[in-house]
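Asker:
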Amino acid sequence: MPYEPNPQRYEALPYRRAGRSGLRLPAVSLGLWHNFGGVDRFENARAMVRTAFDAGITHFDLANNYGPPPGSAEETFGRLLRGDLAPFRDELIVSSKAGYTMWPGPYGDWGSRKYLLASCDASLRRLGLEYVDVFYHHRPDPDTPLAETMGALDQIVRSGRALYVGVSNYPAARLREAAAILRDLGTPFVLNQPSYSMFNRWLEPDGLIGALEDEGVGAVVFSPLAQGLLSSRYLNGIPGDSRAASATGFLKADAVTPERIAQVRALNDVAAARGQTLVQLALAWALRWPQVTSALIGASRPEQITDAAGALNAPPLTDAELEAIEAILRGTPA
Numbered sequence: 580m581p582y583e584p585n586p587q588r589y590e591a592l593p594y595r596r597a598g599r600s601g602l603r604l605p606a607v608s609l610g611l612w613h614n615f616g617g618v619d620r621f622e623n624a625r626a627m628v629r630t631a632f633d634a635g636i637t638h639f640d641l642a643n644n645y646g647p648p649p650g651s652a653e654e655t656f657g658r659l660l661r662g663d664l665a666p667f668r669d670e671l672i673v674s675s676k677a678g679y680t681m682w683p684g685p686y687g688d689w690g691s692r693k694y695l696l697a698s699c700d701a702s703l704r705r706l707g708l709e710y711v712d713v714f715y716h717h718r719p720d721p722d723t724p725l726a727e728t729m730g731a732l733d734q735i736v737r738s739g740r741a742l743y744v745g746v747s748n749y750p751a752a753r754l755r756e757a758a759a760i761l762r763d764l765g766t767p768f769v770l771n772q773p774s775y776s777m778f779n780r781w782l783e784p785d786g787l788i789g790a791l792e793d794e795g796v797g798a799v800v801f802s803p804l805a806q807g808l809l810s811s812r813y814l815n816g817i818p819g820d821s822r823a824a825s826a827t828g829f830l831k832a833d834a835v836t837p838e839r840i841a842q843v844r845a846l847n848d849v850a851a852a853r854g855q856t857l858v859q860l861a862l863a864w865a866l867r868w869p870q871v872t873s874a875l876i877g878a879s880r881p882e883q884i885t886d887a888a889g890a891l892n893a894p895p896l897t898d899a900e901l902e903a904i905e906a907i908l909r910g911t912p913a
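Mapping of the sequence shown onto the working numbering: position 46 corresponds to residue 625, and the numbering continues sequentially without gaps.
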């Protein structure tokens, strides 16, 4: 049977503007960093993508190196596009990136024009698309002139390979420099993708919020659940099948301290008092900034996506609730 999406899919999630552009994204987006590679079960990937689209999640975020092996997440999503989502291409925002190591030698990493153009072409082949909606430079390059990197992004748009461009992991000063170059080129620069969560708040003291506002750029924040730590999975320690228990996971077991677990339990109490799950509270907290366009989640099961999609169903966080959260994060709960 052909896939028929939920006809009420646009009634649940709000859509937020990317900076001062005309592009709007769902408040929650799905990232394919984990669990969509060649080593993962395709039917589970299909179920997660269908669940996301049925919930109004129209933004699917990839990068050239997502897998494993690198490139295989794009291949998986390309297969899903052909099999399920091809009739709905104009309802989707598909993004990809380049900036981390993708192939051997001096041209398969960082931010040269050579690498970015070649990588974008390879991503389009794997996805089976003529264009992506957003193409990002994945991380600042300390050696390549920023004008070269931004010029490559401009060329990617002007050649029809992407509609918009973005950057990822750029601090405030570098973001301002990139925005000035792209503005002079007339390139539609709409998004920065920084990490941000209750346990990783560099977006605030770094001044990135102010830079986003000044430059008219939105943020798609990744790891808003602190690699799953801000979920019910860690209320009683480290589950055997969790990222912290994996030898290859980015969340390390030594980060799951008794003090951190105590904070997670206290935050879970705040969530329960609001009628939310801890996942929903963490996402609502990250989305409290108007400069944050969308919170990017990862998932290993469809039900995790359904949970996350309900993040903004509760009323906005009150001042008292925000103060209670701050006290927990400071380690001084009332």
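Backbone N, C-alpha and C define an ideal beta-carbon position, used for all residues, glycine too.
Do the segment 850 to 866 and the segment 881 to 896 make contact, defined as three or more Cβ pairs closer than 8 Å?
Answerer: Yes: at least three Cβ pairs fall under 8 Å.
Asker: Using the Cα positions of G635 and A841, report the straight-line distance between them to the nearest angstrom.
Answerer: Approximately 34 Å between the Cα atoms of the pair.
Asker: Identify which residue in G707, Y582 and G650 has its Cα closest to the Cα of P666.
Answerer: Of the candidates G707, Y582 and G650, the one whose C-alpha sits nearest the C-alpha of P666 is Y582.
Asker: Just checking, does the segment 795 to 806 make contact with the segment 698 to 710 on the three C-beta pairs under 8 Å criterion?
Answerer: Verdict: no, contact absent.
Asker: Could you please give the first and the last residue of the uninterrupted beta strand (DSSP E) stretch that includes Y594?
Answerer: Note, Y594: beta strand (DSSP E), Y594 to R596.
Asker: Alpha carbon to alpha carbon, what distance is there between A759 and E653?
Answerer: Spanning the two alpha carbons is a distance of roughly 31 Å.
Asker: Between the C-alpha atoms of G678 and P649, what's the straight-line distance to the nearest angstrom?
Answerer: Whole-angstrom Cα-Cα distance: 13 Å.
Asker: Excluding the 5 residues preceding and the 5 following P767 in the sequence, name in chain order all residues of the same chain whose CB lies nearer than 6 Å to its CB.
Answerer: Cβ neighbours of P767 beyond the five flanking positions: Y743.
Asker: If I'm right that A887 touches V858 with Cβ under 8 Å, what's the distance once you round it to whole angstroms?
Answerer: Right, the Cβ-Cβ distance comes to about 6 Å (below 8 Å), so this counts as a contact.
Asker: Could you pull the DSSP bridge partners for N623 from this structure?
Answerer: Paired residues: none, contrary to the question.
Asker: Could you say if the segment 718 to 731 and the segment 678 to 698 meet the contact criterion of at least three C-beta pairs nearer than 8 Å?
Answerer: With a cut-off of 8 Å, the segment 678 to 698 and the segment 718 to 731 count as touching, because enough Cβ pairs lie within range.
Asker: Determine the closest residue to K676 out of P719, R762 and A606, with distance taken between C-alpha atoms.
Answerer: Cα-wise, what sits closest to K676 is P719.
Asker: Mind checking which residues open and close the beta strand (DSSP E) that includes P881?
Answerer: Unbroken run through P881 is the alpha helix (DSSP H), P881 to A888; no beta strand (DSSP E).
Asker: Determine the burial state of L664: buried for a count of at least 16 other Cβ atoms within 10 Å of its Cβ, exposed for fewer.
Answerer: That one is buried.
Asker: Buried or exposed: Q772, going by 16 or more other Cβ atoms within 10 Å of its Cβ?
Answerer: Buried is the call here.
Asker: Kindly indicate the opening and closing residues of the alpha helix (DSSP H) around A798.
Answerer: Not the alpha helix (DSSP H): A798 falls in the beta strand (DSSP E), residues G797 to F801.
Asker: Alpha carbon to alpha carbon, how far is P721 from V871?
Answerer: Answer to the nearest angstrom: the Cα atoms are 26 Å apart.
Asker: In three-state DSSP terms, what is A823?
Answerer: Any answer about A823 is weak, because its pLDDT of 49 lies below 50 and its placement is not dependable; what the coordinates show is given next. Three-state result, A823: coil.
Asker: Please list, in chain order, all residues of the same chain as S810 whose beta carbon is under 7 Å from its beta carbon, the five residues on each side excluded.
Answerer: For S810, where only same-chain residues beyond five positions count, the Cβ hits under 7 Å are L804, L857 and V858.
Asker: Using a Cβ-Cβ distance under 9 Å, would L604 count as near chain C?
Answerer: You won't find chain C in this structure, because it holds only one protein chain.
Asker: What residues match up with V871 in a beta bridge as DSSP calls it?
Answerer: DSSP, once it has assigned bridges, lists A798 as partnering V871.
Asker: For A850, tell me which candidate among I876, T836, L901 and S873 has the shortest Cα-Cα distance.
Answerer: Closest option to A850, Cα to Cα, is L901.
Asker: Given that a residue counts as buried once 16 or more other Cβ atoms are within 10 Å of its Cβ, and exposed if not, what is A824?
Answerer: Low confidence applies here, because A824 scores a pLDDT of 43, under 50, leaving its location unreliable; read the following figure in that light. The residue in question, A824, is exposed, as its Cβ has fewer than 16 Cβ neighbours within 10 Å.
Asker: For L706, which option in I884, A642 and N748 has the closest C-alpha, if you only look at C-alpha atoms?
Answerer: Selected option, being the one with the closest Cα: A642.
Asker: Per DSSP, what kind of secondary structure is F632 in: helix, strand or coil?
Answerer: In the structure shown, F632 sits in a helix (DSSP, three-state: H, G or I).
Asker: In or out: M580 buried (at least 16 other Cβ within 10 Å) or exposed?
Answerer: Exposed, since its Cβ has fewer than 16 Cβ neighbours within 10 Å.
Asker: Report the rounded CA-to-CA distance for I904 versus P683, giving the unit in angstroms.
Answerer: The straight-line gap from Cα to Cα measures roughly 45 Å.
Asker: Is it true that the CB of P750 sits closer than 9 Å to the CB of D785?
Answerer: Yes, Cβ-Cβ distance for D785 and P750 is below 9 Å.
Asker: For R599, which three-state DSSP category applies?
Answerer: R599: coil per DSSP, three-state reduction.
Asker: Taking all protein chains shown into account, do 16 or more other C-beta atoms lie within 10 angstroms of the C-beta of S738, making it buried, or fewer, making it exposed?
Answerer: It is exposed - the Cβ of S738 has fewer than 16 other Cβ atoms within 10 Å.
Asker: Taking C-alpha atoms, which residue in L725, S747, A790 and N779 lies nearest to L761?
Answerer: Minimum Cα distance to L761 is reached at L725.
Asker: DSSP beta-bridge partners for A677?
Answerer: In the DSSP output, where bridge partners are listed per residue, A677 has H716.
Asker: Going straight from the alpha carbon of R780 to that of G877, what length do you get?
Answerer: Computed Cα separation, rounded: 19 Å.
Asker: In whole angstroms, give me the CA-to-CA distance for V628 and T637.
Answerer: Answer to the nearest angstrom: the Cα atoms are 10 Å apart.
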